[in-house]
Amino acid sequence: MNKKYGFHICHLTSVHPRNDSRIFHKMCKSLASKDVKITLVVADGKGNETLDNVEIIDIGAPAGRLKRIIQTTGEIFNKARELNADVFHLHDPELLLIAKKLKKLNKKVIFDSHEDTVNTILVSPYLKSPVSNIISTLYENFERYTCKKIDGVIGATPHIENYFKKFAKQTENINNYPILSDKKPEQISWDQKQNEVCYVGSIDDTRGIKDLMNSLELTKSQARLNLAGMYSSLTLEKEIKEHKDYHLVNDFGYVNSEEVENIYNRSLVGVVTLHPIPTFLVSLPIKMFEYMVAGIPFIASDFPYWRNLLKGSKCCIFVDPQKPQEIADAIDYFILNRETAKQMGEVGRKLVFENFSWESQAEKLLTFYQTVLSN
1 MNKKYGFHIC HLTSVHPRND SRIFHKMCKS LASKDVKITL VVADGKGNET LDNVEIIDIG
61 APAGRLKRII QTTGEIFNKA RELNADVFHL HDPELLLIAK KLKKLNKKVI FDSHEDTVNT
121 ILVSPYLKSP VSNIISTLYE NFERYTCKKI DGVIGATPHI ENYFKKFAKQ TENINNYPIL
181 SDKKPEQISW DQKQNEVCYV GSIDDTRGIK DLMNSLELTK SQARLNLAGM YSSLTLEKEI
241 KEHKDYHLVN DFGYVNSEEV ENIYNRSLVG VVTLHPIPTF LVSLPIKMFE YMVAGIPFIA
301 SDFPYWRNLL KGSKCCIFVD PQKPQEIADA IDYFILNRET AKQMGEVGRK LVFENFSWES
361 QAEKLLTFYQ TVLSN
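Going by UniProt numbering, the first residue of the sequence shown is number 1, and it counts up by one from there.
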């Protein structure tokens, strides 16, 4: 192996796409650039390829959720056994089903918990109480049992890591901060900005889309909404597109990173008004950091954790995410006070470069791998 670091890391996912921001663009690419041998096993049906020194191996897209959980996890295990890496990095809860089998191969195994799965199940739109309560409890017991047996757990937020610290052998917090190495902390031009707000990300009721739509008619500034992302369901998409104020929406659908940047460049303010459910109250939404990198202020849910995270910096307006009038008032404030909005955007941009860079997390990740391998 002609690599600077004499070990092979294999990332496994049955759910995420090969170009996933956290898995591929952040973890895989940043470690490959440090001369670590990196392989990514996916199940998206797009074939094998090598990108940015990351070998991507595709086992094929599953036909349905049940087949993915049962059949695809088995196929991923077979491919992992064939690859014979030193560390297997699991990115999906269902892959914990093969964690002990990987350990029996005398390999190091770590689980990357992207979210608080136990609480996420409780609010899943696919499950109804009390079924969600039963499944959540069963999963919690399974997760605890399995994570005690493997070599380590990574939490995507401090809250998630603290949960696993109670029973996992070793843990690390790898925050989902933005990649800043290709960005320059320069002043953003506001010449092309319109009287528009933007929301980029998963479009879901719990992420505040209905309240945001209802706020549009309450604004005095005649603001438009730039909306980009995938709807969580066809039912929700139909409801939003039939909303009486949908004519005020520029609906871009699912867009690539270049198109996202164009949306930020034309927008005057971003929106991240997630509802106060347990998983969101202590989350680190990537869109918040993206708005800061883009140099635009944003409207955010008034969560104590987020207030503390931003260290009192005046880069946003906090609102009750379930009160459309508060959202509308914040939109009006930014649009009617463009110079103040610009100054707040600059404060946020400075803050993200000083405190929230992915590069700092990449160093923690490499150190965690080395610690796991040395134990």
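All C-beta atoms in this analysis are idealised placements derived from N, C-alpha and C, irrespective of residue type, glycine included.
One thing to note: residue 88 has its Cβ within 8 Å of the Cβ of residue 10.
Counted as a single uninterrupted DSSP element, the alpha helix (DSSP H) harbouring residue 346 occupies residues 338-355. For the 8 Å CB-CB criterion, residue 317 and residue 223 do not form a contact. Annotation for residue 365: 174 place their beta carbon closer than 6 Å to its own, counting only its chain and skipping 5 residues before and after. As the crow flies, the alpha-carbon of residue 95 is around 27 Å from that of residue 179.
Here the alpha carbons of residue 269 and residue 289 stand approximately 13 Å from one another. Residue environment analysis places residue 114 among the buried positions, since at least 16 neighbouring C-beta atoms fall within 10 angstroms of its C-beta. Between the stretch 36-47 and the stretch 102-109 there are fewer than three inter-stretch CB-CB distances shorter than 8 Å, so the stretches are not counted as touching. Counting only residues of its own chain and dropping the five nearest sequence neighbours on each side, residue 18 has a CB closer than 7 Å to the CB of 24, 40, 42, 44, 46 and 56.
With a cut-off of 8 Å on Cβ pairs, the stretch 286-303 is not in contact with the stretch 128-143, counting fewer than three such pairs. Comparing alpha-carbon positions, the option among 303, 295 and 328 lying closest to residue 339 turns out to be 295. For residue 270, DSSP records a beta bridge to 198 and 298.
Annotation for residue 154: the continuous beta strand (DSSP E) segment containing it runs 152-155. Burial state of residue 168 is buried, judged by a 10 Å Cβ sphere holding 16 or more other Cβ atoms. Assigned with DSSP and collapsed to three states, residue 5 falls in coil, not helix or strand.
Shortest Cα-Cα distance from residue 272 to any of 85, 20, 297 and 165 involves 297. The beta carbon of residue 99 sits closer than 6 Å to those of 109, 146 and 150, all from its chain and outside the five residues before and after it, given in chain order.
The closest CA to that of residue 34, considering only 52, 172 and 21, is found on 52.
In the same chain as residue 252, and ignoring 5 residues on each side of it, the C-beta atoms closer than 6 Å to its own belong to 228, in chain order. For residue 192, the closest alpha carbon among the candidates 266, 91, 143 and 217 is that of 266. Taking the C-beta atoms as reference points, residue 177 is found no nearer than 8 Å to residue 368. If you ignore the 5 residues before and after residue 122, its C-beta comes within less than 6 Å of the C-beta of 132 and 136, all in its own chain and listed in chain order. Proximity to residue 329 across 97, 282 and 217 peaks at 217, based on C-alpha coordinates. Of all alpha-carbon atoms in 84, 82 and 210, the one lying nearest the alpha-carbon of residue 242 is that of 210.
Assigned with DSSP and collapsed to three states, residue 15 falls in coil, not helix or strand.
Taking a C-beta distance under 8 Å as the contact criterion, residue 15 and residue 38 do not qualify as a contact pair. Excluding the 5 residues flanking it on each side, residue 140 has same chain C-beta neighbours closer than 6 Å at 118, in chain order. Taking a C-beta distance under 8 Å as the contact criterion, residue 172 and residue 161 qualify as a contact pair. In this structure, the CA atom of residue 306 is about 44 Å from the CA atom of residue 82.
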